[in-house]
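In my numbering, the protein residues as written are 828 to 1214.
The beta-carbon is built from N, C-alpha and C at its ideal position, and this holds for glycine as well.
Given below as structure tokens:
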């Protein structure tokens, strides 16, 4: 009974700390375990090695760092990426405040002392049945809007693909399709120089540098995203409509109504999937303000981060009266346009103007005006007189 209880405790505690991507898409995997089989690549202390194959076309993966280092930084033992957001440590720490970080010393003496204190706290907490106080800072960190935008929501199984075939790069591989390695050109550039220690400590990580360069100002100014909050409400108190960006054909009006109705009464919802947006109008201004404050940076639907902001103020239907151009008696006004009178916007009189001087109306029985050139007799008489 004592041996079975100890085995049960060991089976629960001695399990690798790995992310969903490294674990693979196959729910039935077989792992091999080797006690103290290798030294940790961070602290150089021996630890238990786990080795498995995530999928049929994936390469064999193993744990690279010890569980203590993984818990200290809240990272996967294999890929050394954050367990909560799936981001490199350098990107995650750049978005966190200083009090939310845990800086692991690089000095061997200070690092070993820090690990011993941490393991002592874990041992005391396990023996007394209480939590570990002040040891894991990342578990207590508040996720910022930047981390929510950059976070990987779904597993990325392409990271488990086999390594590149070195013989194929030299043009000497004779295995063909039976080769367990990838037949692709080798990766060049900054991404070709990656190591575990740089990723763990969050310095000079090529993947993190590339990600921060692509997002530009978002990662360079974290305070802008943590404390800026939603945009200010428009000065026009009649504006009660909100703009929802990122909406496509997957979203339905019922889903949008269910989310926004929790913040007030909705009068209308306009779905515009062609433009990738929707418009939600509330019955009162206060309800719209509450919805913006609650959903401006935390609305995720179908794995898509939606943007909630105030709708642009539409121009008033009443327009100002423009000064008349020279020669016109009255000014042109566009607010009195009527559909039943198309000429009213030009300020034209309703009655036709009087005919000019010398105008001859057509004789009875004729529906059009007769000109002198249209009378052959008058044209012949004038021609004979000139001859």
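Taking contact to mean at least 3 C-beta pairs separated by less than 8 Å, is the stretch 1058-1072 in contact with the stretch 1121-1134?
yes
Quick one, which of 1106, 997 and 899 has its alpha-carbon nearest residue 1134's?
1106
I'd like the ranges of any beta strand (DSSP E) spanning at least 3 consecutive residues and lying wholly in the stretch 1056-1089.
With a minimum length of 3 residues, the continuous beta strand (DSSP E) runs that stay inside the stretch 1056-1089 are 1068-1072.
Exposure label - residue 844; buried when at least 16 CB within 10 Å
By the neighbour-count rule (16 or more Cβ atoms within 10 Å), residue 844 is buried.
Residues bridged to residue 877 [DSSP beta-bridge criterion]
860
In or out: residue 933 buried (at least 16 other Cβ within 10 Å) or exposed?
exposed
I'd like to check one pair, residue 1009 with residue 982: are the Cβ atoms closer than 7 Å?
Against a cut-off of 7 Å, the Cβ pair of residue 1009 and residue 982 comes out as no contact.
For the alpha helix (DSSP H) containing residue 896, name the first residue and the last one.
894-900
Could you check if residue 1028 is buried or exposed, using at least 16 other CB atoms within 10 Å of its CB as the buried criterion?
buried
Since I believe residue 864 is in contact with residue 875 (beta carbons under 8 Å), could you give me their beta-carbon distance rounded to a whole number of angstroms?
Contact between residue 875 and residue 864 holds: their C-beta atoms lie close to 7 Å from each other, under 8 Å.
What does a CB cutoff of less than 7 Å around residue 867 pick up in its chain, not counting 5 residues either side in sequence?
874, 892, 893 and 896
For residue 1065, decide whether its Cβ has a neighbour in chain C, counting only Cβ atoms nearer than 7 Å.
Annotation note: the requested chain C is absent from the structure, which comprises a single protein chain.
Tell me the rounded alpha-carbon separation between residue 901 and residue 1113.
41 Å
Of all the options 1013, 870, 869 and 887, which has the alpha carbon lying nearest to the alpha carbon of residue 877?
887
If the criterion is Cβ atoms closer than 7 Å, does the pair residue 931 and residue 899 meet it?
With contacts defined by Cβ atoms closer than 7 Å, residue 931 and residue 899 form a contacting pair.
When DSSP builds the beta bridges, which residues end up paired with residue 1105?
Bridge partners of residue 1105 according to DSSP: 1071 and 1098.
Do the CB positions of residue 1073 and residue 1127 come within less than 7 Å of each other?
Note that the C-beta distance between residue 1073 and residue 1127 is not below 7 Å.
What does the alpha-carbon distance come out to for the pair residue 858 and residue 890?
11 Å
Residue 1101 to residue 871 span [Cα, whole Å]
56 Å
Does the Cβ of residue 856 have 16 or more other Cβ atoms within 10 Å, making it buried, or fewer, making it exposed?
exposed
What whole-angstrom Cβ distance do residue 1011 and residue 991 have, given they're in contact under 8 Å?
About 6 Å separates the beta carbon of residue 1011 from that of residue 991, a gap short enough to meet the 8 Å contact definition.
Ignore the nearest five residues each way along the sequence and tell me which others in residue 1057's own chain have a CB closer than 7 Å to its CB.
1119, 1120 and 1123
Backbone CA spacing between residue 861 and residue 1089 [nearest angstrom]
53 Å
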